[in-house]
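Here's the structure, in structure tokens; my notes come after.
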């Protein structure tokens, strides 16, 4: 990655630039759509996105590994849930392997409540060691933002 | 890092566990205190915390490198600012080098306003290559959470 890569698709609004949105933004945004679609339709199916060394910090509580993480998310006490993404920011990291930070702010509608809760969530995605086009969630931190 | 490391200091409240808060939590919390103290007293002095390949996404605008980042932060249109940390979550990453994700939610008081703005910010800290006890900000994403 170089500076130009980070700038492309950033502050400029030209069609040329928009059509060449950097790869990590495409990956991050596609991940977020897939993640919340899965969460909102069937939380128990989130397992394939995590690994044994994945970490979740949910409202300050810590969980590690697929079973703990999906167990926690599946046990959350609501029947219906809908995430509305307000902003989704992505950045690449220059580590080995190189990952993608994804920072989401949005609204959460739970059961039949008419009042959305605001939430913030930070994901760190790493590529699969055998398929660089496939990413998994290494880190996940979630907070509700009380008014 | 192993699972036990991530759990120590996490969900348990025993004195024994609290006294052995994991290193990345200590580093992350100390960083956050230092960062906002510096920001609130003299933003132009934040430069040493960034590097040429540091990235800042501030309200969706992208900046890279010390000069751009500190230039943006210094030019923000307020005279007085105070960050109040409400939550600070930290996680280690199993990359090379191994970094620390820091996820902050808090309130921002600007100039003489009595109404705090809610903000969320995500930092990714990496160790200095020559001094593993010293960390710099590789990634920084900031959002105000409008009510």
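Protein chains in written order, with the working numbering: chain H, 184 to 330; chain F, 184 to 330.
All C-beta atoms, glycine included, are put in the ideal place defined by N, C-alpha and C.
Residues of chain F whose Cβ lies closer than 7 Å to the Cβ of residue 243 (chain H) are, in chain order, 270, 272. Within the same chain, 255, 325 come within 7 Å of residue 241 (chain F) by CB-CB distance, once the 5 residues on both sides are set aside. Proximity of residue 236 (chain F) to chain H, defined by a Cβ-Cβ separation below 7 Å, is satisfied. Here residue 205 (chain F) carries a coil assignment [DSSP, helix/strand/coil]. Under DSSP, residue 322 (chain F) forms a beta bridge with F:238, F:307.
Rounded to whole angstroms, the separation of the alpha carbons of residue 263 (chain F) and residue 328 (chain F) is 20 Å. C-alpha of residue 205 (chain H) to C-alpha of residue 306 (chain F): approximately 21 Å in a straight line. Residue 286 (chain F) sits buried, since 16 or more C-beta atoms from the chains shown fall within 10 Å of its C-beta.
If you draw a straight line from the Cα of residue 320 (chain H) to the Cα of residue 313 (chain F), it comes to about 29 Å. A direct Cα-to-Cα measurement between residue 302 (chain F) and residue 235 (chain H) gives close to 31 Å. With fewer than 16 other beta carbons inside 10 angstroms of its own, residue 244 (chain F) counts as exposed.
About 26 Å separates the Cβ atoms of residue 251 (chain F) and residue 279 (chain H), ruling out a contact at the 8 Å cut-off. Counting only the Cα atoms, residue 259 (chain H) lies some 19 Å from residue 297 (chain H). In this structure, residue 275 (chain F) places its C-beta atom within 7 Å of the C-beta atom of residue 207 (chain F). What residue 286 (chain H) touches in chain F, judged by beta-carbon distance under 8 Å, is 240, 303, 305, 324, 326, going in chain order. Short of 6 Å from the beta carbon of residue 247 (chain H), and not among the five residues preceding or following it, lie these beta carbons of its own chain, in chain order: 238. The criterion of a C-beta distance shorter than 7 Å is satisfied by residue 311 (chain F) and residue 317 (chain F). Residue pairing by DSSP places residue 286 (chain F) opposite F:272, F:305 in a beta bridge. For residue 245 (chain F), the uninterrupted beta strand (DSSP E) run begins and ends at 244 to 247, by DSSP.
In the three-state reduction of the DSSP assignment, residue 292 (chain H) falls in the strand class, which pools E and B. The three-state reading of DSSP puts residue 279 (chain H) in strand, counting E and B together.
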